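Numbering (my numbering), first residue to last: 785 to 867. Beta carbons are placed, not taken as given, at the ideal position from N, Cα and C, and that holds for glycine. Just so it is clear, the structure is predicted and the values come from calculations on it, not from any experiment. Here is the structure we will look at, set down as structure tokens.
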């Protein structure tokens, strides 16, 4: 994809991101506030969205600790060829 865009490969890697919230309700609020959630919120409304998020993250909840989600994201750096 870099070459198709006229870019040269420079570097790549991964980074772990940890998100923690004290309870399910705050988890819902945090995830609802993220831009990628907007299409789902618009399509099904806040209550249905909130119910679905609670159901999915409930197994990640630990009493006294809250919800912890660890994600790993890949990244790649390119530059304009010849520069």
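Residue i classed as buried or exposed, judged by whether at least 16 other C-beta atoms fall within 10 angstroms
i           : result
residue 859 : exposed
residue 805 : buried
residue 812 : buried
residue 787 : exposed
residue 834 : buried
CA-to-CA distance, residue j to residue i, given in whole angstroms
i           : j           : result
residue 815 : residue 847 : 20 Å
residue 779 : residue 828 : Nothing can be reported for residue 779: it is not among the residues displayed for the chain, which extend from 785 to 867.
residue 801 : residue 821 : 18 Å
Contacts around residue i, its chain only, beta-carbon distance under 6 Å, and the 5 residues preceding and following it disregarded
i           : result
residue 843 : none
Residue(s) in a DSSP beta bridge with residue i
i           : result
residue 795 : 861
heavy atom of the ligand SAH below 7 Å from residue i C-beta
i           : result
residue 811 : As for the ligand SAH, it is missing from this structure, which has no ligand bound.
Other residues of its chain near residue i: CB distance less than 7 Å, five sequence neighbours each side excluded
i           : result
residue 854 : 800, 802
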